[in-house]
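Numbering (the numbering used here), first residue to last: -5 to 104. For glycine and all other residues, C-beta sits at the position ideal for the given N, C-alpha and C. Note that the structure is predicted; figures quoted are calculated from it, not measured.
Right, here's the structure in full:
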């Protein structure tokens, strides 16, 4: 349950500076309680936030003509380099190749 609430809380505003503290406050719980609940579900706040950012980036890459830098910014990454590194770690390919591969109907990572 906390994972779903966290995700919906920040997916709408991913470029906001999300912290464990402000998410816990929005859920009316302590930071420690939120960490414990997420740990019980096998998750961490950082991992949830990055997962949501990457999922949103995938959506932008597939459904917009925004530049890669704009997508990185809109999804809350401080710069393109960080965005590209995190995207590749998550999806196995960089954002540019992901966009090009899906444009050609190729499997992601091809």
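Looking at the secondary structure, which residues open and close the alpha helix (DSSP H) in which residue 35 lies? Sequence index remark: in the chain shown, residue 35 carries index 41 (1-based). Note, residue 35: premise wrong, no alpha helix (DSSP H); not H, not E.
Between the CA atoms of residue 71 and residue 63 - distance to the nearest angstrom: Indexing the chain shown from 1 puts residue 63 at position 69. Indexing the chain shown from 1 puts residue 71 at position 77. The straight-line gap from Cα to Cα measures roughly 9 angstroms.
Figure out for me which residue from 95, 76, 94 has the closest Cα to the Cα of residue 44. By one-based count along the chain shown, residue 44 stands at place 50. Nearest option by C-alpha distance: 76.
Ends of the alpha helix (DSSP H) at residue 23? As a first step, residue 23 is located in the chain shown; it is residue number 29 there, counting from the start. Unbroken run through residue 23: none, as it is neither H nor E.
Answer with buried or exposed for residue 56, where buried requires no fewer than 16 other C-beta atoms within 10 angstroms of its C-beta. Here residue 56 corresponds to residue number 62 of the chain shown, with the count starting at 1. The residue in question, residue 56, is exposed, as its Cβ has fewer than 16 Cβ neighbours within 10 Å.
DSSP state of residue 68 mapped onto helix, strand, coil: In the chain shown, the residue the question calls residue 68 occupies position 74. Helix at residue 68.
Using the C-alpha atoms, what's the distance from residue 27 back to residue 73? To locate residue 73, count along the chain shown from 1; it is residue 79. To locate residue 27, count along the chain shown from 1; it is residue 33. Each residue's alpha carbon lies about 31 angstroms from the other.
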